[in-house]
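Heads up: the structure comes next, in structure tokens.
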Amino acid sequence: MRLMMNSKAAIVEIDTLGAELKSFTDMIGTQYLWQGDPGYWHGQAPILFPMVGRLREDKALIGGREYSMKRHGIARNLEFRPMMHDANSVILLLKADEETKKSYPFDFSLMVSYRLEDCTLTTEFTVMNMGDEPMPFAVGGHPAFNCPVLEGEKFESYSLIFEKPETISCPKLDLETGLIDNNIRIPVLNGEAVLPLKHRLFDQDALIFEGLQSQKVQLVSRGSGRGVEMDFSGFPYLGVWSALGNAPFVALEPWTGTATCLDEGDEFAAKRGMKLLAPNESAKYSFRITVM
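Residue numbers (the numbering used here): 2 to 293.
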């Protein structure tokens, strides 16, 4: 089911399946969100929970047992229950059941709230441990944006502009397994705030930024100035991804954790970035997207 929000400046649509953002347009009809062409990637903005990325052979050890979980976890394929919907906000809820426990054996609730103010959409995750044992989890967003936004522009006309100059390298991803090799680093920025986009940046899948000084990044056309800004304050990782084959989109992905690293074991709770919630404890994370 699609739920719509609108402000004086923008219109947003959310699907209850996966609590996924499906459309983000300004009032003149410019579509900023990738519309899911399966020739490149059918997704648009899936919610990543209770993990980000891939597990080794899609398996993890939890409480001494082996569980199977596909890339980015279980929430993206499940129906959320609407808790509130008005002109400017949507709140959706997912709770554990017998099916979710086959992959992730914890009593959780995941609330995803959206709030639209002018040209800015805030997405907030509230994760709660409703069980009686500590609960490990990671959560993240995966919104992809049209690049270019306007007809007549090119992918290469766009840049990532960070809030502050950065000197940083990104780990290599294994294209077959989806696992991260932290021993092989790809230099990306050297005292720079601007990264001009080229499709070859994504030949090894996503760029994974950790330890950024910046809390905001823009995906913007150097010609028209159109694009989006993301405020990912509170998230330790930022993934930036575009599909192979010269895909006309870029995903900006705030994460609390990552895919399994080659130097890690398969214990789910020991994965990098994993948050451990005590019984009845909750955690909140939010990010903001502003269209320009």
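Ideal placement from N, C-alpha and C gives every residue a C-beta, glycine not left out.
No experiment lies behind these values; they were computed from the predicted model shown.
Residue range E21 to D27 is occupied by the beta strand (DSSP E) that includes D27.
Sequence-distant partners of L94 (beyond 5 residues in either direction) whose C-beta falls short of 7 Å from its own C-beta, in its chain, are F81, R82, M84, S110 and M112. Assigned with DSSP and collapsed to three states, F81 falls in coil, not helix or strand. With 16 or more neighbouring CB atoms inside 10 Å of its own CB, A260 falls in the buried class. Looking at the DSSP output, T17 sits in no beta bridge, so it has no partner there. Three or more Cβ pairs drawn from the stretch 169-181 and the stretch 260-269 lie within less than 8 Å of each other, which places the two stretches in contact.
Spatial neighbours of Q45 in its own chain (CB-CB distance under 8 Å, excluding positions within 5 residues in sequence) are listed in chain order as E21, L22, K23, L34, W35, Q36, G37, P144 and A145. The C-beta distance from G141 to P249 rounds to 23 Å, too long to meet the 8 Å contact threshold. For P188, same chain residues with a beta-carbon under 7 Å away, outside a window of 5 residues either side, are S170 in chain order. Using a Cβ-Cβ distance cut-off of 8 Å, the stretch 202-209 and the stretch 146-160 are not in contact, since fewer than three pairs of beta carbons, one from each stretch, lie closer than that value. For the stretch 225-252, the full-length beta strand (DSSP E) segments reaching 3 residues or more read 228-232 and 238-242 along the chain.
Assigned with DSSP and collapsed to three states, S158 falls in helix. The way I'd put it, the stretch 115-133 does touch the stretch 277-288; three or more beta-carbon pairs between them come closer than 8 Å.
Beyond the five residues adjoining it in sequence on each side, K102 comes within less than 7 Å, by CB distance, of no other residue in the same chain. One alpha carbon belongs to I63, the other to P106, and they sit about 8 Å apart. Using a Cβ distance threshold of 7 Å, G212 and Y286 do not count as a contacting pair.
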